[in-house]
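Novice:
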Amino acid sequence: MNPTDRPIANPVVVLREEFDDWAVLFNPDTADAVGTNPVGVAVWKRMDGKRCLGEIVSEIRDGFEDVPEAALEEITAFVDKLSESGFVGYELKHSR
Amino acid sequence: MPRQRTAGTEPATFMVMRTPRTVDIEITARCNLRCRYCYFFQNPDVEYRDLPTDEWLAFFDELGALGVMDVILAGGEPFLRDDLRALLEGVVRNRMRFSLLSNGSLIDDGIAAFLSGTGRCDHVQVSVDGSRAEIHDACRGTGSFDGAIRGIRTLQRHRVNVAVRLTIHRHNVDDLENIAHLLLEELGLPGFSTNAAGYLGACRLNAMDVLLNSRERQEAMATLLRLAEKYDGRISANAGPLAEGRMWRRMEEARAQGEPPIPGRGRLTACGCPGKKIAVRADGVIVPCSMLPHIELGRIHRDPLGEVWRHSPEMNRLRGRHAIPLTGFEFCAGCSYIPYCTGNCPGLAYTLTGRVDHPSPDACLRRYLAEGGTIV
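From first to last, the protein sequence lines stand for chains F and X. With numbering that gives the first Met the number 0 applied, the first sequence covers 0 to 95. With numbering that gives the first Met the number 0 applied, the second sequence covers 0 to 375.
Right under this line is the structure:
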C-alpha cells in the first residue's frame, strides 16, 4: 500500500456503529467481522476510491485531536489488513 | 456487543448494541407437523397468521438499513412458504446472512441448491429426536423421521451446513447414544446441539407425557456428559440436560468450596439475548424473544425497529432483569446456590410462574436435588 493508492471500501461490507463510537465491519459474504475504533470508522467512511491514503490521513489529522506522528503507518497497516481480508479493494489500472 | 460488568456482588450493567445484531423471525405460522412439545403453537397470546411477501421484503430493507448482520427464519416450518426464495433474495440484497430452523421434511434438491448458491446461509437446523422412526416420530408424527434424514442428506449433497438440534424428552432419553452415533458417525455431521422439551406452547398440554422427571433428567445428564467427552467438542448445549449437567457441577463445586460469587451470577442474569437480538412473530408483532411471545413491543411497518430496540420500556425492563438479586425472591430463600445461579430462562419463568422477573423453577438445582436428583 502506497500513500498514493486510492482504497475503495467493499460495498457489500456493513458498518455497524456500536456504543462508544466503536464499530464492527461485517462482510456478509464471508461472515468475517472486524472491530474498529472511531479513527478506523473515519478512515472507512473516506475510502471511496477518490481519496488517496495520504489525503485520508491528512483529513484524519484535521478531524481528530492528538493524532500520533506514526498515523500514516498505522492507518496504512489498518487498510492493508482490511485489504488482505477482502474488506477493501483498489481500482486496477489497465494497460492498453 | 453487550458487556456485563460484574465483580463479586456488584449489580450487572447491561451494555446494549445500537441496533440488534440478529433478528429471529417466525416467517410463517404454518407447519406440516404438530409436534407434541412445540413451543410455537398453542400460545393463547399469539395470532397465527402469515404476512405477505412484500411486507417481509420491506422489513428486510429496514433491517439492512439498521446494519443487522443475520436473521434466523423459523416458524412454523419456513420451507412451507412458496415465496421462500424471494424472501431470501431480500435478505441477501440487504447484506445479511441467514439461518433456517426446519423439520427437514420439505427440503428438496431445488431449494438446497438455491440455499447453497446464495453463499449467505450459515446453516439449516434440522430437528432429529431419535435414531430411528419409532422414537423420532413418537412426538413428531409418522413419517417425520424419514423426512428429516432425507432433508439432511439433501443439504449435505449441496454442501449446505446442517446444524441438528436434538430435543430430549421422555420418549428418547434412552436413545441418546444411538442418536449421537447416527448423527456423528453415520451422517458424518461435525456436531449437534441439544436441549430439552420445556413447559412452553403445546408442551404444556402434553407435559406429563413429554417432560423429563428427575430420574430421567439425571440419566440424560450422565449420558450426555459422557458422550460429550467421547465426541470431544461435537455435542453442545445452551440449555437442557447437558448445559445443566455442566453448570450444576460447577455450582456444586463452588458451594462446597465456599468460593466467592461467580461473576454475573446471583441475579437474574439469564439470558443475554436482549442485548443483541430481538424477534418478530409471524403476524408481524415485535417481541423480545420467541420464548416470550406475549410481550408485544410493537408491529413491523408501524413501529421502527430501531426505536423499539432502543426505547421500548418492556425491552429495557427485560434488560434490567440483570440487576434483580435472587436474594429478593421467596422461591430462593435460604438457597446456598444463589451466588452461583443465573435464575435461568425468563420464558420458562413466565410460563411456570406467570412472572418474567422471577427465577425459572425448571432449572433450579435446589429443587432438582429435593426431588431426588443427584449431580452427576
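Where is the CB? At the ideal position from N, CA and C, for every residue including glycine. Given the structure is predicted, the values throughout are model-derived calculations rather than measurements.
Of all Cβ atoms in chain F, is any one closer than 7 angstroms to the Cβ of G271/X?
Specialist: no
Novice: P37/F versus chain X: which residues are under 8 angstroms apart at the beta carbon?
Specialist: None at all; the shortest Cβ gap to chain X is about 14 angstroms.
Novice: For V13/F, decide whether its Cβ has a neighbour in chain X, counting only Cβ atoms nearer than 7 angstroms.
Specialist: yes
Novice: Ordered along the chain, which non-local residues of its own chain (more than five positions away) have a Cβ less than 6 angstroms from that of G50/X?
Specialist: Sequence check: residue 50/X is Leu here, not Gly. Taken in chain order, the residues that qualify are G283.
Novice: To the nearest angstrom, how far is it from the Cα of G327/X to the Cα of F25/F?
Specialist: 42 angstroms
Novice: On the three-pair Cβ rule with 8 angstroms, is the segment 250-258 of chain X touching the segment 76-92 of chain F?
Specialist: No, they do not touch.
Novice: M250/X CB to nearest chain F CB: under 7 angstroms?
Specialist: Contact with chain F is absent for M250/X, since none of that chain's Cβ atoms lies less than 7 angstroms from the residue's Cβ.
Novice: Does the CB of F97/X have a neighbour CB from chain F at under 7 angstroms?
Specialist: Closer than 7 angstroms: no.
Novice: Straight-line CA distance for N237/X to A227/X?
Specialist: 14 angstroms
Novice: Is there a Cβ from chain F that is less than 7 angstroms from the Cβ of M314/X?
Specialist: With 7 angstroms as the cut-off, M314/X does not count as an interface residue toward chain F.
Novice: Measure from the C-beta of F63/F to each C-beta in chain X and report whether the shortest distance is under 7 angstroms.
Specialist: no
Novice: Let me know the secondary structure DSSP gives T5/X once reduced to three states.
Specialist: Low confidence applies here, because T5/X scores a pLDDT of 35, under 50, leaving its location unreliable and the question unanswered by this model.
Novice: Can you determine whether any heavy atom of the ligand SAM sits closer than 6 angstroms to the C-beta of V12/F, and answer yes or no?
Specialist: With respect to small molecules bound, the structure shown includes none, and the ligand SAM cannot be examined in it.
Novice: Determine whether the beta carbon atoms of L52/F and P10/F lie at a separation below 7 angstroms.
Specialist: Going by C-beta atoms, L52/F is not nearer than 7 angstroms to P10/F.
Novice: Give the single residue among R316/X, R80/X and A132/X whose Cα lies nearest to the Cα of N31/X.
Specialist: R80/X
Novice: In its own chain, which residues sit with a C-beta less than 6 angstroms from the C-beta of P10/X, not counting the 5 before and 5 after it?
Specialist: Legend: pLDDT at P10/X = 48, less than 50; position of this residue unreliable, value from coordinates given subsequently. The answer, listed in chain order, is A322.
Novice: In the segment 155-214 of chain X, which residue ranges form an unbroken beta strand (DSSP E) of at least 3 residues, counting only runs that do not cross its ends?
Specialist: 163-167 and 191-195
Novice: Interface residues of chain F around R17/X at Cβ under 8 angstroms?
Specialist: R15, E16, E17 and F18
Novice: Does F25/F have its Cβ less than 7 angstroms from a Cβ in chain X?
Specialist: yes
Novice: Who does K276/X pair with in a DSSP beta bridge?
Specialist: T21/X
Novice: Between L351/X, C202/X, M314/X and G271/X, which has its C-alpha nearest F39/X's C-alpha?
Specialist: When only C-alpha atoms are compared, the closest one is C202/X.
Novice: So which residues on chain X does D28/F lean against when the C-beta distance must stay under 8 angstroms?
Specialist: Here the neighbours are G118 and R119.
Novice: Going along chain F, which residues have a C-beta under 9 angstroms from R84/X?
Specialist: Neighbours of R84/X across chain F, judged by C-beta separation under 9 angstroms, do not exist; the nearest C-beta is about 18 angstroms away.
Novice: With a 10 Å radius around its C-beta and 16 neighbouring C-beta atoms as the bar for buried, classify P312/X as buried or exposed.
Specialist: exposed
Novice: Going by the beta-carbon positions, is the gap between A32/F and V38/F smaller than 7 angstroms?
Specialist: no
Novice: For L181/X, which residues from the same chain have a beta carbon less than 6 angstroms from its beta carbon, with the 5 sequence-adjacent residues on both sides left out?
Specialist: S130
Novice: What span of residues does the alpha helix (DSSP H) with L52/F cover, start to end?
Specialist: L52 to G62
Novice: Are at least three pairs of beta-carbons, each pair with one atom in the segment 69-88 of chain X and one in the segment 334-343 of chain X, less than 8 angstroms apart?
Specialist: no
Novice: Closest to K276/X by CA distance: which of A362/X, N177/X and I71/X is it?
Specialist: Considering only alpha carbons, the answer is I71/X.
Novice: With burial defined as no fewer than 16 other Cβ atoms inside 10 Å of the residue's Cβ, what is the status of T5/X: buried or exposed?
Specialist: Any answer about T5/X is weak, because its pLDDT of 35 lies below 50 and its placement is not dependable; what the coordinates show is given next. Result: buried.
Novice: Cβ of R156/X less than 7 angstroms from any chain F Cβ?
Specialist: no
Novice: Which residue wins for smallest C-alpha separation from T373/X, given the options Q217/X, H300/X, A195/X and E133/X?
Specialist: It is Q217/X.
Novice: Tell me the rounded alpha-carbon separation between Y36/X and H168/X.
Specialist: 9 angstroms
Novice: Counting beta carbon pairs with one atom in the segment 152-160 of chain X and one in the segment 203-210 of chain X, are three or more of them shorter than 8 angstroms?
Specialist: no
Novice: Report yes or no: is there a C-beta of chain F within less than 7 angstroms of the C-beta of G89/X?
Specialist: no
Novice: Identify the contact partners of M290/X in chain F, using a Cβ-Cβ distance below 9 angstroms as the criterion.
Specialist: Near M290/X there are no residues of chain F at all, since even the closest Cβ is about 25 angstroms away, more than 9 angstroms.
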